[in-house]
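Engineer: Provided herewith is a single structure, encoded as structure tokens, for subsequent inquiry.
As structure tokens, then:
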């Protein structure tokens, strides 16, 4: 058995973590949420980052679509990149009610997105500003 030494710990900016069964790598998905600002009359964009488990970039994109399918607002996924994270372990302090959270995490890790729900688009559109 090899020894491990923790040399640094830092806070990550992930809004959500989504494990999937039969996946061995973690990917960082950038999701841009669009919101209309009624005061200024302009569309405002805010970014959030999801940590999504998958086997490759395409599957990570598909899993991100699956996770976002119940989102009411408009969004785009401008970037998906492989994360150096090797595994994720939930932290629980032992307080009451955390058993339910652990069960939800394990259920998510055992879930698999339905492939029929993912729409494949064979072209990309880019917005240019002049």
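In full-length UniProt numbering, the protein residues as written are 1 to 130.
Even glycine gets a Cβ: it sits at the ideal position worked out from N, Cα and C.
(1) Let me know the secondary structure DSSP gives residue 53 once reduced to three states.
(2) For residue 22, does the count of other Cβ atoms within 10 angstroms reach 16, so buried, or fall short, so exposed?
(3) Whole angstroms are fine: how far does the CA of residue 92 sit from the CA of residue 103?
(4) Among 33, 12 and 77, which one has its Cα closest to the Cα of residue 57?
(5) Kindly list the residues whose CB is nearer than 8 Å to the CB of residue 43, restricted to its own chain and excluding five residues on each side of it in sequence; keep chain order.
(6) Expressed to the nearest angstrom, what Euclidean distance is found between the alpha-carbon atoms of residue 11 and residue 89?
(7) Can you tell which of 99, 32 and 55 has the C-alpha that lies nearest to the C-alpha of residue 46?
Structural biologist: If we stick to the structure as given:
(1) strand
(2) Residue 22 should be labelled exposed.
(3) When rounded, the distance between both Cα atoms is 12 Å.
(4) 77
(5) 34, 35, 36 and 37
(6) Between the alpha carbons of residue 11 and residue 89 lies a distance of about 15 Å.
(7) 32
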